[in-house]
Amino acid sequence: MAEIDSATAWPRPGVGYDPRTYDPRAFDPVAVTVDVVALTMRAGQLHVLLVRRGEEPFAGRWALPGGFVRPRRDDDGRTWEEDLSEAAGRELVEETGLTAVEEGRVEGREAGGATAGGPEPADRRPRLPRPARVHLEQLGTYGTPGRDPRMRVISVAYLAFAPDLPDPTAGGDAAAAAWLPLRTAPGRPVFSPSALAVPAFDVVRLDDLAFDHGRILADGIERVRSKIEYTPLATAFVGEQFTIADLREVYATVWGRAPHAANFHRKVLSVPGFLEDTGAMTERGGSRGGRRARLYRAGPARLLHPALLRPSGPEPGPTAGPPEAGSGA
């Protein structure tokens, strides 16, 4: 049996580890949660998903969808541990009631580099529902002491985005869920839900969000602003086929200023592997009216070279307006 340091209840250096000697009570408890910054394009505007908490702490406050990473049981009663990306996908489904799902584990890569969508392990974990067509990636880790009044909680934040996700329906411990449009204006993001949809709030600022979710949301927005410069991430906000005008609208909305139309058209077509011509055209008098436009799809490129740089000048901060009618709040 391994020797135990009585002061730390931890095997001494160079001594083999024996799980029978390990006492987890010797350490302060730490919980792990996931929080999701979910973004989508609706009616030409970038929207963020928020849920109104139905339980303490912060009951009645707006928050990002999220919750504790937890063990689960399959139909045969076997217990298995969630991957972080599995927990993020589960929380996104449970707390919002999004029903446009497909079977399979959440796509993405964990910090160690293993693909979460890879082969199932020997314990044959049950497949989880995940929002269809959702791009999910890890944003960062947040562990400032006191961020959760209940105990020491470390949160792993995820970014999720897809084009035109459906209206959410609050589920789990969420009292309400809504897509709030992000607009650009000087200062930090501000959410102004309509009185009809959210009667308890007139204005919700970043600092009003539960926990440290304001910081997480601000980090998520800046991550997206940066990544669409050098990756094809902007194509995750449009459908499988799209026009260059559709893509430019994404860049304009996320950056808070529209790139020059002619220059943008030339640049995106000059980046190897960014776009593929489908050979199809839009119908005359479509959603944008005017002339027919060529349809493209995302190409195989993982990185954009040369990068599409943000227009120079002071960056306006994002702000959010009221949720759209029927947003589920």
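Letter by letter, the sequence shown follows residues 0 to 328 of numbering that gives the first Met the number 0.
Cβ coordinates follow ideal geometry from the N, Cα and C atoms, glycine included.
From a predicted model like this one, the values you see are computed outputs, not experimental measurements.
Check                                                                                                                           : Outcome
Closest by C-alpha distance to G143, when choosing among R214, E90, D166                                                        : For the sequence presented, residue 143 should be read as Thr rather than Gly. Comparing Cα positions, the closest option is R214.
Contacting residues, own chain, Cβ-Cβ under 6 Å from D172 (five flanking each side not counted)                                 : G53, E54
Inter-stretch contact (C-beta, 8 Å, three-pair minimum) for the region 221-235 and the region 77-89                             : no
Sufficient close CB pairs (3 or more, under 8 Å) joining the region 142-162 to the region 80-95                                 : yes
Distance between V31 and G66 (C-alpha atoms, nearest Å)                                                                         : 9 Å
Under the three-state DSSP convention, the category F263 falls into                                                             : helix
With 16 other Cβ atoms within 10 Å as the buried cut-off, status of S311                                                        : exposed
Residues that DSSP places opposite L308 in a beta bridge                                                                        : Beta-bridge pairing links L308 to no other residue.
CB of A87 within 9 Å of CB of V33, strictly                                                                                     : yes
Distance between beta carbons of T281 and R291, contact taken as under 8 Å                                                      : 5 Å
Pair within 9 Å by beta-carbon distance, D270 and L308                                                                          : Checking the displayed sequence, the identity of residue 270 turns out to be Val instead of Asp. It is not a contact, given that the beta carbons lie outside the stated cut-off.
Closer than 8 Å: A175 CB and nearest the ligand MN heavy atom                                                                   : Among the ligands in the structure shown, none appear at all, so the ligand MN cannot be discussed.
For R149 and P18, believed in contact at Cβ under 8 Å, the rounded distance                                                     : That pair is no contact at about 28 Å.
Nonlocal neighbours in the same chain, by C-beta distance under 6 Å from L164, ignoring five residues either side               : T39
Cross-strand partners of H46 (DSSP beta bridge)                                                                                 : T39, P180
Length of the line joining the Cα atoms of E275 and H212                                                                        : 37 Å
Proximity below 9 Å, CB of A37 to CB of P70                                                                                     : no
Nearest residue (CA-CA) to A58, options T277, Y141, Q137, L208                                                                  : L208
Own chain partners of H134 with C-beta closer than 6 Å, once the 5 adjacent residues on each side are dropped                   : F160, A235
Counterpart residues of L158 in DSSP-defined beta bridges                                                                       : V36, E136
Proximity winner among G238, R60, L232, E239, relative to Y250 (alpha-carbon distances)                                         : L232
Whether L48 touches P167 by CB criterion (9 Å)                                                                                  : yes
C-alpha distance - V155 paired with G145, whole-angstrom precision                                                              : 16 Å
Residue span of the beta strand (DSSP E) that contains D218, given as start and end                                             : From DSSP, D218 is part of no beta strand (DSSP E) but of the alpha helix (DSSP H) over 212-229.
Assigned secondary structure, Y295 (DSSP; H/G/I helix, E/B strand, else coil)                                                   : strand
Pairwise C-alpha distance: G278 and D245                                                                                        : 17 Å
Alpha helix (DSSP H) segment containing E248, residue limits                                                                    : 243-254
Alpha-carbon spacing of G170 relative to W178, whole angstroms                                                                  : 15 Å
For G65, the residue or residues it bridges with in DSSP                                                                        : D34
Coarse secondary structure for L274, derived from DSSP in three states                                                          : strand
Alpha carbon of R41 to alpha carbon of V237, nearest angstrom                                                                   : 10 Å
Those residues which DSSP pairs with A173 across a bridge                                                                       : R52
Contacts around V223, its chain only, beta-carbon distance under 8 Å, and the 5 residues preceding and following it disregarded : L38, L158, F160, L232, V253
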